[in-house]
Amino acid sequence: MKFDVYKLADKYKLTDTETQILNYILENNQQVLHMAVREVANQNFVSAATIIKLSKKMGFTGYTDMIYRLNFMMTSHRKNKERLSDITSFINDIPDGILNDFMNQLKAHRNDIILVSATGFSSPLAEYVERKLLVTGFRVIKTNAYAVYDKNSLGASLVIVISKSGETDTIAKLVDYANENQVDVVSFTGEQSNYIGRSSTVNIPILDDKTLDDRNLQSNYFYARVIVVFEYLMSQVLEELD
1 MKFDVYKLAD KYKLTDTETQ ILNYILENNQ QVLHMAVREV ANQNFVSAAT
51 IIKLSKKMGF TGYTDMIYRL NFMMTSHRKN KERLSDITSF INDIPDGILN
101 DFMNQLKAHR NDIILVSATG FSSPLAEYVE RKLLVTGFRV IKTNAYAVYD
151 KNSLGASLVI VISKSGETDT IAKLVDYANE NQVDVVSFTG EQSNYIGRSS
201 TVNIPILDDK TLDDRNLQSN YFYARVIVVF EYLMSQVLEE LD
């Protein structure tokens, strides 16, 4: 299982040798539960004292506490991955090429200005996307102002829009402006063929259970799915950017 040992090494200011030991314990987290400290030390060509020192440095009471706590951490990490797989199973219906295109867009525009736009029930999603991108180091602004898009006054290079129907007039007009100014467009829309999707550089089609429910009067997981897909893709992008 992939786990970034170097984040822990950086957090606890570990030496190269200590990082090597920690990596061994994490990669063999089940086996070490049945190994004495001297066995682990021998496998890593260090003294038992070095491992005890590592455990103290990381805030554990000793070797036994360390291996059990790290095993619990790895088990929880694996279970979280499995739960994520269940939650995101519908993502399998989205072609891999489209998902990769979205990730490539974000990586390509890592240091550029990104605009985010949506209206109605999709507006809170745009706010979420904006905040998530901001806290992860992207330069992003949520705005529906025509003046910003008309002449691309902010010098944006990517626009992200969300529209359940894919036909929202306000958003469609912003997409047209973006295309006129040769600004890339990524859109999250329902699966049905729609104008915004066809006018986008990358369109991510999201399963919409109630395509005829324009007023969102019935339960509909479209909006939740947008967030799930976005978070899934962001996790992939950030992993590659680290």
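Residue numbering for the sequence shown follows the UniProt record's numbering, starting at 1 and increasing by one per position. Just so it is clear, CB atoms sit at the ideal spot from N, CA and C, and this is done for glycine as well.
Assignment of Lys210 by DSSP, reduced to helix, strand and coil, places it in the coil class. Within a 10 Å sphere around the beta-carbon of Arg78 sit fewer than 16 other beta-carbons, which makes this residue exposed. DSSP places Gly190 in the strand class (E or B) of the three-state scheme. For Gln105 and Thr201, the gap between their C-alpha atoms comes out near 9 Å. The straight-line gap separating the alpha-carbon atoms of Asn23 and Ser76 is approximately 17 Å.
Residue burial is scored here from C-beta neighbours: Thr168 has at least 16 other C-beta atoms within 10 angstroms and is therefore classed as buried. Inclusion of Leu158 and Ile98 in the CB contact set at 8 Å is not warranted, their separation being larger than that value.
DSSP places Asn100 in the helix class (H, G or I) of the three-state scheme.
Of the residues Ala145, Glu191 and Lys164, the one whose Cα lies closest to the Cα of Tyr177 is Ala145. As the crow flies, the alpha-carbon of Asp16 is around 22 Å from that of Asp65.
Annotation: Ser117 is outside any alpha helix (DSSP H); the continuous beta strand (DSSP E) that includes it extends over Ile113 to Ser117. In the three-state reduction of the DSSP assignment, Lys57 falls in the helix class. With respect to the 8 Å criterion, Ser117 and Lys142 are classified as neighbours on the basis of their beta carbons.
The criterion of a C-beta distance shorter than 8 Å is satisfied by Val237 and Met103. At the C-beta level, Asp208 and Glu191 come within 8 Å of one another. Ranking Ala126, Gly137, Glu239 and Asn216 by CA distance to the CA of Phe188 puts Ala126 first. In the three-state DSSP reduction, Asp176 falls in the helix class (H, G or I). Listed in chain order, the beta strand (DSSP E) runs fully inside the UniProt domain "HTH rpiR-type" (1-77) amount to none, counting runs of at least 3 residues. The three-state secondary structure of Leu217, taken from DSSP, is coil. In the structure shown, Leu233 falls within a helical segment according to DSSP collapsed to helix, strand and coil. For Lys142, the uninterrupted beta strand (DSSP E) run begins and ends at Arg139 to Lys142, by DSSP. The alpha carbon of Ser89 has as its nearest neighbour, out of Asn220, Ile206 and Leu241, the alpha carbon of Ile206.
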